[in-house]
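>
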Amino acid sequence: MTDPAADLRRVAVVVLEGAKPLDVGIPAQVFTTRASMPYQVRVCGAAPGLVAGGDGLSYHVAHGLEALEWADLVFIPGYRRPDEDDPPPAVVDALIAAHARGARLAAISTGAFALAATGLLDSRRATTHWHYTRALARRHPRIRVDENVLFVDEGSVLTSAGAASGIDLCLHILRADLGVAASNHAARRLVAAPYRSGGQAQYVPRSVPEPIGERFAATREWALHRLGDPLTLETLARHAAVSARTFSRRFLEDTGYTPMQWVMRARIDLARELLERSELGIEQIAADVGLGTGANLRQHFQRILGTTPTDYRRTFTRGG
Numbered sequence: 015m016t017d018p019a020a021d022l023r024r025v026a027v028v029v030l031e032g033a034k035p036l037d038v039g040i041p042a043q044v045f046t047t048r049a050s051m052p053y054q055v056r057v058c059g060a061a062p063g064l065v066a067g068g069d070g071l072s073y074h075v076a077h078g079l080e081a082l083e084w085a086d087l088v089f090i091p092g093y094r095r096p097d098e099d100d101p102p103p104a105v106v107d108a109l110i111a112a113h114a115r116g117a118r119l120a121a122i123s124t125g126a127f128a129l130a131a132t133g134l135l136d137s138r139r140a141t142t143h144w145h146y147t148r149a150l151a152r153r154h155p156r157i158r159v160d161e162n163v164l165f166v167d168e169g170s171v172l173t174s175a176g177a178a179s180g181i182d183l184c185l186h187i188l189r190a191d192l193g194v195a196a197s198n199h200a201a202r203r204l205v206a207a208p209y210r211s212g213g214q215a216q217y218v219p220r221s222v223p224e225p226i227g228e229r230f231a232a233t234r235e236w237a238l239h240r241l242g243d244p245l246t247l248e249t250l251a252r253h254a255a256v257s258a259r260t261f262s263r264r265f266l267e268d269t270g271y272t273p274m275q276w277v278m279r280a281r282i283d284l285a286r287e288l289l290e291r292s293e294l295g296i297e298q299i300a301a302d303v304g305l306g307t308g309a310n311l312r313q314h315f316q317r318i319l320g321t322t323p324t325d326y327r328r329t330f331t332r333g334g
């Protein structure tokens, strides 16, 4: 008799001393086993038992570091005083061994410090909560710390900023594993934004409030419902009721993309979902998402995703 658990992707969440509750809960909840989520989660610590967390909470974990030998994907949630306290050597060794075995390692917020202690982030881009980016750079000067992004995907090692960006990182991983439709379904379940790119800027306190950001969010939502229509910089700026120059500058600061780069990625995302969930032909999809021709869709699909629409559909077709 086939064991259903054998087909599930295996996720471990490593709880360190001082672990932040939201950081622990995000991957445990996002990847919880259900019909739409072929994952199995184990929450672990340096040893089974009670782990003192941050914010007055403690965690009783059922598993020790053997969970990292079992996992395909390992999350390291943020923890208190990361710039002062090194993770236990046994945890560092277990993370290195898991990576060497082929597991992906994903740090949320200050969990980047524990991941950095392995040396696996050396010479790579990484991020953490904006309050700790300089401390991470000082403590680990070989890391290329990017303080102005929500998350960084370096393939086998991933890092994210503050707690909420851990949701963005989890949804990003879901998109890569299962496709846009599954990621959007999980986002709806979490009542979260369906996608914020890793290049979007972290929130850093400003001396003056920026109410214009909400207006731009409304313009992005407006544009998402009109991707099949001609969308120009001037059209978007007109909706936001600012000049094209102001719109372009502030949009780049807010999202990490120029307006037209953002529109192109939104169109490619819609094309991905149509490829996954419909039997429409490439030419029809190209027209529906505002890219005009199949050739144009193929060109931008290859440039942004590194694959063709046909290969993408084959990968994510049910039963394919």
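Number 157 in my numbering belongs to position 143 of the sequence shown; there are no gaps in the numbering.
Just so you know, even glycine gets a beta-carbon here, dropped at the ideal spot from N, CA and C.
Is the Cβ-Cβ distance between Phe230 and Ala254 less than 7 Å?
Yes, they are a contact pair.
> Could you check if His186 is buried or exposed, using at least 16 other CB atoms within 10 Å of its CB as the buried criterion?
Buried is the call here.
> Quick one: Cα of His314 to Cα of Leu288, how far?
C-alpha separation (whole angstroms): 16 Å.
> Which class does Arg95 belong to by DSSP, given the choice of helix, strand or coil?
Arg95 falls in the coil class under three-state DSSP.
> Report, in whole angstroms, the separation of the C-beta atoms of Thr141 and Ala151, which I expect to be a contact under 8 Å.
Incorrect: roughly 11 Å between the Cβ atoms, too far for contact.
> Tell me the DSSP secondary structure of Val138 in three-state form.
The sequence shown places Arg at residue 138, not Val. Note: Arg138 maps to coil in three-state DSSP.
> What are the partner residues of Ile90, as DSSP defines its beta bridges?
Ile90 is bridged to Ala121.
> Run through the region 31-88 for me and flag every whole beta strand (DSSP E) of 3 or more residues, listed as ranges in chain order.
Fully enclosed beta strand (DSSP E) runs of 3 or longer: 53-58, 63-66, 72-75.
> How many angstroms separate the CA atom of Ala195 from the CA atom of Val166?
When rounded, the distance between both Cα atoms is 22 Å.
> Within 10 angstroms of its Cβ, does Gln54 collect 16 or more other Cβ (buried), or is it exposed?
Classification of Gln54: buried, given that the 10 Å Cβ count is 16 or more.
> Which of the three DSSP states, helix, strand or coil, is assigned to Thr322?
In this structure, Thr322 counts as coil in the three-state DSSP scheme.
> Assign Val205 to one of three DSSP states: helix, strand, or coil.
Coil.
> If distances are taken between C-alpha atoms only, which option among Leu192, Gly320, Phe261 comes closest to Thr336?
For the chain, the structure presents residues 15 to 334; residue 336 sits outside this window and is missing.
> Please classify Thr321 as buried or exposed, where buried requires at least 16 other C-beta atoms within 10 Å of its C-beta.
Answer is exposed; the Cβ neighbour count stays below 16.
> What are the boundary residues of the alpha helix (DSSP H) that includes Ser174?
Element bounds for Ser174: not the alpha helix (DSSP H) but the beta strand (DSSP E), 171-174.
> Short of 7 Å in beta carbon distance, which residues of its chain neighbour Glu224, apart from the five on each side in sequence? Order them along the chain.
Because the pLDDT at Glu224 is just 42, under 50, the model does not fix this residue reliably, and the value given afterwards should be weighed accordingly. There are no such residues.
> When the distance is taken between beta carbons, is Val171 closer than 7 Å to Leu119?
Yes, Cβ-Cβ distance for Leu119 and Val171 is below 7 Å.
> Answer with buried or exposed for Ala309, where buried requires no fewer than 16 other C-beta atoms within 10 angstroms of its C-beta.
Under this definition Ala309 is an exposed residue.
> If I'm right that Ala42 touches Leu82 with Cβ under 8 Å, what's the distance once you round it to whole angstroms?
Not quite, the Cβ-Cβ distance comes to about 15 Å (not below 8 Å), so this is no contact.
> Indicate the three-state DSSP secondary structure (helix, strand or coil) for Val105 in the structure shown.
If DSSP states are grouped into helix, strand and coil, Val105 belongs with the helices.
> For Ala9, which of helix, strand or coil comes out of DSSP?
Nothing about residue 9 can be read from this structure; the chain reaches only from 15 to 334.
> Tell me the residue span of the alpha helix (DSSP H) that contains Asp268.
Note, Asp268: alpha helix (DSSP H), 258-269.
> With DSSP as the reference, label Asp302 as helix, strand or coil.
DSSP places Asp302 in helix when its eight states are reduced to three.
> Quick check on DSSP: helix, strand or coil for Arg156?
Three-state result, Arg156: coil.
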